[in-house]
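Notes to accompany the following structure.
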Amino acid sequence: MSTAQMSRPPLHRRPEAPPPEPLRWWRPAHWGRLWKGEDSSVLASANRNAMLPVLIEVFAGFSKLDGEVEEEEIESSLGYLRYDYSGAIYSDMRRLYFEALQQPQDLAQRAKELSNELTMEQKILLCVQLYLLISSSLTNQRQMVEFYLFMTNLGIAAQAIDIVYQLNAGDKPSEEDFTSKSGQPLETLRVGSGDNCDVLLRTLSPECSVVAFRFQNLVLLKNTGGIPILVRSRRQPPGDFSRLYPGERVVLEDVTLDYNDLISYFNSKKTVTGSQLYLTLTETGDAEIAQQRARGTNLRVSFGLGVTVEALRNTDATINGVPLTEGTLLEASIEDSIIAHGEIEISLRDLRVRAQEFGGQFRLEGSRNTYLVSNKPELLDEGDILLSEDTEGEILLRIECNYAQKNGSLEVLRTSRPIYVGQIPVRDRILLSDGDTITLGEGQFLRCHFSDRIIEEERNTIRQMEVRELAHRFDGRDTALDGISFIARRGEMICVMGPSGCGKSTLLRVLGGQLKTRGGEVLMNGLNLYSNLTNLTPYIAYIPQEDAFDPLLKVQENLDFSVAVRCPHLKTEERKKRVDAKLAELGLADMRKRLAGTPQQKFLSGGERKRLNAGLDMIGISDVYLFDEPTSGLSSKDSEHVLEIIRSLARNKIVLTSIHQPSMRLLQMFDKALLLDKGGKMAYFGTPQGLIEYFWKAYNDETGQREAEMPGNLTPDFVFDVLETPLRDISGDIIQERSADGHLVAARRFPPNFWRDRYQSHLMLESMAKAQAFPGSTNLIARPREDTHTGSRSRAMPKPPKHTLREESILFYTLLKRAFLSKLRNRTNLLTTLLEAPLLGFLISSVLKYSEEESYTFATAFHIPTYLFMSLVVAMFLGLTNSADEIIRDRHTLNRERNHNLRTFYYLSGKIISLSTFALIQCFIYLWIGNTVLEIRDMFFIHLWWMFITALTGICLGLLISSIVTDNRTAINAIPLILIPQIILGGALIKYEEMNKNLDFVYSMQRWLDKAGITEESEPSKLKVPFICQFMPLRWSYEAMLISQAKLNPLTAAQDQLEARIQELVNLPPDIKMTSDQQRDLDAAKQGLAVVSGLYAKTDRAVAEKLSQIRDATMRGKVTPKLLQSALGDDDGISAEEIYVNRKVLDLVTKAEMEREDYRRKTSPNVFFGTVKRYFGTDFNTLWINTMVIFFCLALLITGVEMSLRRQLTKV
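Using my numbering, read the sequence shown as starting at -14 and increasing by one per residue.
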């Protein structure tokens, strides 16, 4: 079939998507994306994803060229799309690919569409991937014709020819063969056992070899040997191609290389600099590693494509039988080992891993003073400085060195993140001094040693954790930890096991920086953990046993928020890639849109919940992971799955996992086992197999049995049986004893002290035997001596840079969005919002709708003051109930995030904003119903204001309760203790003049002073607020709301404005004569006051309109007789006083004003419902005073919650 015949009919033509609108600098969207960290690269990525349907059609078209679609073609196509277009949902891509396979494709047209959208680099990637797709059936010439025709239409015909030639060159191609004429080189890497190979693996047979090709992040493998190899667990015959994706492996006979290994070798070939280590071989057989040469250093080991070992001093060590005497320089294979003292084996592969952990050390050449620094090898030339491959984003710097002056300069050419020198951000260029530290990102630094002509890349990776004699005792309780000592190294996975109550969780909390012990110390890279908490805890992840994710969020949302809190410096696109990769790794990709839910809801299985709980921290930058009982409650298969995921971390991390009593299968997944006994006593530390052997020997020793060969089927249950062997009496019955809590328990034959002492003796005997037997300790790498310059003990860890404004905004936005979504997804909260407020509004207003006259009117309504007070009580109640459990529900999450500099103020702000939004909706609904039923007009928003700030006070009180108590029941029980005193002392249920005077501390003191003759006896005002009532927020909002009803209703407000205008004109200075215009205004104002006071209209709406016209005219100073005459048009109907002035409210305010203005008093007292308060000799409007008091109360409450929460999250 020709290309023309392949064109599909118009009926099936894909609808053309509108082109994306370009972002202009003057448009808000542009700055919004920049604020979120979405620069042009992200926009380009969005454009690529827009072309995804076209690419799917292209791959479908090429898959069908030979007349049939094979599994390998489908896997190749979808694999490329899934990895390179991670923003798309895999299920959607699969559906589109299936649909495209059912229809004919016009490849020529698709190529023309892509030619205008893809960059040159993207076209090259597509070319390589399409050739990989058709490479398995190249005997079909038509496929190659279509391939070249497609590339011609794409605009890269010459480059395609070069690439095909390079990929099909001989086994020994020249470098020129592997460089395309278009300037887009395919880097090559030969792996095999021949001398011409870039990566030499001597254990491979001559028939096993492979050539790797790289273009940017694409890695392609060609089997150039004579036997099949395994790529991504698939068999690859000789001559075939296969792409290797991140995290996947290639197996060459007995040798396994992964994607990162190949990238590392590619990078080593790209640059002449490489990592190196210095080894000091001690007389006891230990090997001490340092990044710099020190006194007594024996060997220098340099890593690049191969391994170079140089003997700096005479040693008895050998490599492949060759003695390493002083001056010896050997080229070794990564598979080789250094043999010290005849039998101590030091693997070069392990040393290479340790070298990568230290970071690169780049020696500066004296003939060159300018170096480029980047994490992208394609941007560098030979001799430039290539950063670690796991560096986030893109970095390109230029460092100029002045060796004579021992300084230099730094120029930022390209970066996706802030660059700092010390704590100073660098946007363009800055001078460097000898010893300056360049901060590239979280935990990654360059240290400049111009005097030594060295630039070191430092990674704040925790390479070693040493625990020394940890001891802890809780107040009034038994010992929790007693003399725990061990060393955990990077790449080790350690099982912490023991009976219940032996201190496993306590130990993990201590190692996580959350509980400071009373004795001993924890050293991370030689630095004391609790002396460097701020710098070290971001690299430590403590994963509690309880689910520490929000059940009201979806699986993907939990991970999204987790990575944003832990890595705010990453761009949105990079965070999204991390989440997608972690979802796939956790096996939760298909459940990303599912709510996490509670265990009772069973949206996720137990194993899925554990994997999600573990994944929240695995997505961050931590180097130490502490898992507390991650397999509790799971089946054996789910437990294995969870541990396999955790095991994937242990390659370059330190992982400690507590398990109560693991099965043998689970125990064998660990590198080391730490066994604790009751009282936190250490019973064993070593390999899992060593644990079984140790207790088998102990069993034979303590039972007096003759030692026999250890059975091969012993399990950890045997260890616990021996550890907790019961004590029996002479008749064989178990002896009971009373525990510390008073319960009867079986007495143990071997108490915890016995096992602790036995293990310490075992260690001592083992050390003595080693010292006598030579060569000493068999530890591969011993703890460095105090005087050894390792770079970790002699230097303080560089301080991480402060978060930028963008990063702070991401943190705040994340916590706000998480709080809002969590509240929105709470069905109980939504039901409360939609039903509780309207039901209360209708119930209260209906019950209180009463008048002493026959017909109900607002003016004669008897219970309006009570309704106002009850409205505020409802607002306070809603605020309290909405927030009383918020922090309690989040406590596990907060404890988990405390190591990542959680911003408690941002967290509280997000909670308050989200809760206030729902409270505002509830108050709105309540008032809309209640005011309508009671016919309260034109006061809605004034009432809403006082209800809202009262609800806000309730929210802050609820958050304070939630921050203090630890369970929901206690929080709910505390609500009446907060609310009932405010109802009693708020001034509505019991009038202050009828309240027990002895409650007023000030009144009691005044009476005592009067009786003592110290002060002149005077009668206090009965309307004075008792001192204790001043601390009730409800008293201030109730007084303000009632005064607002009395003074801010439209009628009274109009009267007050007219009276103010009259007083302004009447009280002119004596030396100023009133003009005729002012006299006319005065008469109009007096007439207007009379009109307003007796205003009538047919309807309440007409009354409101007339009052509004008069108020507006008064404010403009243009009250005209014509306007007043029009207002007097109706002599019957509804009066303004009848619909706006409630007599009960007016009586309360009038009574207070009469008390305040009583001429018989020397000073005006501050009385309840008085419209003016006098403080410090100055009169203040009561509404302003009450508003300020409530705001001050809010500030105190927020400060109290923040301090309480911060104290809990920083307490150790």
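Glycine residues also receive a C-beta, built at the ideal position from the N, C-alpha and C atoms.
Check: Under 8 Å between C-beta atoms of F933 and L905; Outcome: yes
Check: L134 versus A93 - alpha carbon distance; Outcome: 8 Å
Check: Unbroken alpha helix (DSSP H) run spanning S620, endpoints; Outcome: Segment: none, S620 is in no alpha helix (DSSP H) and carries neither H nor E.
Check: Complete runs of the alpha helix (DSSP H) confined to the segment 569 to 614 [at least 4 residues]; Outcome: 591 to 603
Check: Simplified DSSP assignment, three categories, for L284; Outcome: strand
Check: Proximity of D535 and T878 at Cβ, strictly below 8 Å; Outcome: yes
Check: Proximal residues to V406 (C-beta, below 8 Å), its chain only, five neighbours per side dropped; Outcome: L395, I415, L417, D421, T422, I423, T424
Check: 8 Å Cβ cutoff, V640 in contact with chain B; Outcome: The chain inventory of the structure shown lacks chain B, comprising one protein chain alone.
Check: Sub-8 Å separation of L699 and I715 beta-carbons; Outcome: no
Check: Three or more C-beta pairs below 8 Å linking the segment 615 to 631 and the segment 458 to 475; Outcome: no
Check: CB contact flag (I324, E316, <8 Å); Outcome: no
Check: Sequence-distant residues of its chain with Cβ nearer than 6 Å to G378 (five each side left out); Outcome: S401, R402
Check: Cα-Cα separation, E451 to L242; Outcome: 31 Å
Check: Three CB pairs or more closer than 8 Å across the segment 1138 to 1151 and the segment 1118 to 1126; Outcome: no
Check: From T303, N360, R339, Y669, residue whose alpha carbon lies closest to that of C480; Outcome: Y669
Check: Nearest to L651 (by Cα), restricted to the options E694, T1099, M478; Outcome: M478
Check: Selection from V286, R280, V292, I141 that minimises the alpha carbon distance to Y250; Outcome: V292
Check: Member of M749, G426, F435 whose CA lies at the smallest distance from the CA of E443; Outcome: G426
Check: Best match in N637, K638, S633, A658 for proximity to H645 [C-alpha to C-alpha]; Outcome: A658
Check: Coarse secondary structure for T293, derived from DSSP in three states; Outcome: strand
Check: Spatial distance of T866 from I404 (CA atoms); Outcome: 46 Å
Check: Between the CA atoms of P523 and V130 - distance to the nearest angstrom; Outcome: 56 Å
Check: DSSP three-state assignment for Q907, whether helix, strand or coil; Outcome: helix
Check: S633 versus A936: straight-line alpha-carbon distance, rounded; Outcome: 49 Å
Check: Enclosing alpha helix (DSSP H) for V548 [first to last residue]; Outcome: 540 to 551
Check: Simplified DSSP assignment, three categories, for H645; Outcome: coil
Check: Residue span of the beta strand (DSSP E) that contains H434, given as start and end; Outcome: 429 to 434
Check: Between the CA atoms of L1181 and K1129 - distance to the nearest angstrom; Outcome: 34 Å
Check: Member of A566, R475, L580 whose CA lies at the smallest distance from the CA of D608; Outcome: R475
Check: Selected residue, minimal CA-CA separation from G1155, among D1066, R1146, A1031, A1038; Outcome: A1031
Check: Through-space distance from Q907 to Q819, alpha-carbon basis; Outcome: Rather than Gln, the amino acid found at residue 819 in this sequence is Leu. Computed Cα separation, rounded: 8 Å.
Check: Candidates L309, T1195, P191, A1069, of which the one nearest E1044 by Cα; Outcome: A1069
Check: Coarse secondary structure for I1095, derived from DSSP in three states; Outcome: helix
Check: For F200, three-class secondary structure by DSSP; Outcome: strand
Check: Host beta strand (DSSP E) of D662 (start-end); Outcome: 657 to 662
Check: In chain order, each beta strand (DSSP E) run of at least 3 residues that lies wholly inside the segment 672 to 751; Outcome: 721 to 723, 729 to 731
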